[in-house]
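Visitor: In the UniProt record's numbering, the protein residues as written are 1 to 35. Take a look at this one; I'll ask things after.
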């Protein structure tokens with residue numbers, strides 16, 4: 001059996017809208033990470 005994990009460590013505001021490294025829909029990942 002294979003186990004998988006996604007680790008989110010030290011999320012940065014730079015990847016959200018208006019940040020230095022903004023990515024499309026970067027803000028939408030915050031709700032998922034906080035779930």
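Each residue gets a CB set at the ideal place from its N, CA and C atoms; glycine is no exception. Bear in mind that the values here come from a model prediction, so they are computed numbers and not experimental data.
1) Quick check: what's the CA-CA separation for residue 22 versus residue 1?
2) Does the distance from the C-beta atom of residue 27 to that of residue 17 stay below 9 Å?
3) From the DSSP output, in three-state form, read off residue 33 for me.
4) Please report the distance separating the alpha-carbon of residue 30 from that of residue 15.
Guide: Once the coordinates are examined:
1) Spanning the two alpha carbons is a distance of roughly 37 Å.
2) Yes; because the gap between Cβ atoms is below 9 Å, this pair is in contact.
3) Helix at residue 33.
4) The alpha-carbon atoms of residue 30 and residue 15 are separated by roughly 11 Å.
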